[in-house]
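Notes to accompany the following structure.
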Amino acid sequence: MGLFLVDDHDDDERRVVLDVAQTLARDLSVEVRQTLAFELRRANSLPFGLADLIARDIEEISSPFLMQTTVFSDEELAVLARELSESAKIAIVRRSRVPDVVALAIAQTGGERSVTFLIRNPGAELGSACDPLMQRFETNKAMMDQLSKRGDLPLEIVERLINHVSDACRVVLVERYELDPALAGSLNESVKNIALLRWMEDASRGALNEYIRQLESRGAVNARFLADLTRRGGMRFFESVMSYKTGIEISAIEAVVRSDSKTHLIKLLKKAGFKEGAAGRLLAALDEGRHVTIPSDTD
Numbered sequence: 005m006g007l008f009l010v011d012d013h014d015d016d017e018r019r020v021v022l023d024v025a026q027t028l029a030r031d032l033s034v035e036v037r038q039t040l041a042f043e044l045r046r047a048n049s050l051p052f053g054l055a056d057l058i059a060r061d062i063e064e065i066s067s068p069f070l071m072q073t074t075v076f077s078d079e080e081l082a083v084l085a086r087e088l089s090e091s092a093k094i095a096i097v098r099r100s101r102v103p104d105v106v107a108l109a110i111a112q113t114g115g116e117r118s119v120t121f122l123i124r125n126p127g128a129e130l131g132s133a134c135d136p137l138m139q140r141f142e143t144n145k146a147m148m149d150q151l152s153k154r155g156d157l158p159l160e161i162v163e164r165l166i167n168h169v170s171d172a173c174r175v176v177l178v179e180r181y182e183l184d185p186a187l188a189g190s191l192n193e194s195v196k197n198i199a200l201l202r203w204m205e206d207a208s209r210g211a212l213n214e215y216i217r218q219l220e221s222r223g224a225v226n227a228r229f230l231a232d233l234t235r236r237g238g239m240r241f242f243e244s245v246m247s248y249k250t251g252i253e254i255s256a257i258e259a260v261v262r263s264d265s266k267t268h269l270i271k272l273l274k275k276a277g278f279k280e281g282a283a284g285r286l287l288a289a290l291d292e293g294r295h296v297t298i299p300s301d302t303d
């Protein structure tokens with residue numbers, strides 16, 4: 005019966021077979037309904053009533069059908085995605101393509117498992133789904149990490165997501181989207197460096213100097229970058245940058261920073277090549293950074 009309905013046949017013959025299929029779809033035997041549903045998953049056209057009946061059957065019958073059938077419109081599939089069980093939702097989001105309206109339905113009503121499958125599916129269109137995903141699961145770091153691995157997120161979602169992922173995913177996220185500084189502001193320069201702050205707390209001075217050397221080769225150690233890290237508690241980084249730029253021993257730099265002498269600090273900053281306006285911003289950042297505890301990964 006299933007094989008017959010997959011092919012093209014005379015309308016009268018097809019009508020007779022469909023009537024029988026409707027009866028078989030209600031058969032008491034799970035094996036009968038399962039076999040019919042499995043064959044009909046490849047049919048290009050089925051009456052909505054028959055397809056809906058199969059879709060709402062038990063998991064072992066409905067799931068293979070829902071994963072492959074093309075007989076539902078996007079809107080019809082979205083209705084099913086809202087109304088069916090979690091196992092059926094998982095079958096729907098494992099389709100090769102999950103249209104935006106269906107992804108939205110799953111994002112709004114699905115459980116953690118179906119939503120995770122949705123996020124992992126490269127064929128899922130997540131445009132409209134991103135906002136409810138963030139609203140419902142932003143505290144689920146594992147799920148947010150999965151979301152950050154996608155390459156099709158809207159910029160506003162990237163900006164919201166950046167504070168809800170692990171350090172490693174945060175850095176990758178910023179680099180993958182190559183955010184325009186004019187749009188991202190300090191996001192590219194500061195948010196991803198929260199991970200660096202924690203590393204800087206334990207890194208040797210030699211490791212810090214090598215990192216600074218690499219940054220300097222790209223012209224990345226500017227006043228804004230340095231002020232942002234310093235304001236967040238990156239005092240060791242500030243000291244290492246001053247030592248690198250001025251050639252003064254790190255112990256002497258540490259002494260100047262500990263003294264909190266504005267006069268000596270201004271001289272140090274000017275020797276490092278920072279102009280008056282930038283030096284003022286860095287002094288303000290130092291004042292803030294002295295009282296900051298670097299946030300943990302769970303903050």
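Using the numbering used here, you'd call the opening residue of the sequence shown number 5 and step up by one each time. Using N, Cα and C, we set each Cβ at its ideal position, and we do this for glycine too. For clarity, every value in this text was computed on a predicted model and none was experimentally measured.
By Cβ distance, which residues of its chain are closer than 6 angstroms to residue i, with the 5 residues on each side in sequence left out?
i: residue 96; result: 70, 85
i: residue 142; result: 168
i: residue 123; result: 150, 151
i: residue 259; result: none
i: residue 132; result: 104, 108
i: residue 163; result: none
i: residue 73; result: 45
i: residue 223; result: none
i: residue 316; result: Any question about residue 316 goes unanswered here, given that the chain covers just 5 to 303.
Determine the contact status of residue i and residue j, defining contact as a CB-CB distance below 9 angstroms.
i: residue 61; j: residue 45; result: no
i: residue 157; j: residue 151; result: yes
i: residue 55; j: residue 76; result: yes
i: residue 147; j: residue 120; result: yes
i: residue 270; j: residue 283; result: yes
i: residue 304; j: residue 66; result: Because the chain in this structure spans residues 5 to 303, residue 304 falls outside the shown range and cannot be described.
i: residue 64; j: residue 34; result: yes
i: residue 153; j: residue 173; result: yes
i: residue 254; j: residue 263; result: no
i: residue 40; j: residue 22; result: no
i: residue 252; j: residue 230; result: no
i: residue 293; j: residue 235; result: yes
Leaving out the 5 sequence neighbours to the left and right, which residues in its chain are closer than 7 angstroms to residue i when beta-carbon positions are compared?
i: residue 103; result: 78, 129
i: residue 47; result: 9, 10, 75
Using only CA atoms, which one of the options lies nearest to residue i?
i: residue 7; options: 59, 42, 93, 218; result: 42
i: residue 291; options: 221, 166, 242, 275; result: 242
i: residue 221; options: 207, 249, 206, 30; result: 249
i: residue 138; options: 111, 214, 256; result: 111
i: residue 26; options: 261, 51, 272; result: 51
i: residue 136; options: 272, 296, 165; result: 165
i: residue 201; options: 13, 297, 29; result: 297
i: residue 208; options: 280, 240, 279, 227; result: 240
i: residue 100; options: 280, 68, 229; result: 68
Just list the residues that DSSP pairs residue i with in beta bridges.
i: residue 102; result: 128
With a cut-off of 9 angstroms, does the C-beta of residue i fall near any C-beta of chain B?
i: residue 53; result: Absent here is chain B; the protein component of the structure consists of one chain.
Counting only the same chain and skipping the five closest in sequence on each side, list residues whose C-beta sits under 8 angstroms from that of residue i.
i: residue 98; result: 71, 121, 125
i: residue 114; result: 85, 90, 93, 97, 122
i: residue 49; result: 75
i: residue 212; result: 204, 240, 241, 244
i: residue 83; result: 109
i: residue 180; result: 155
i: residue 144; result: 116
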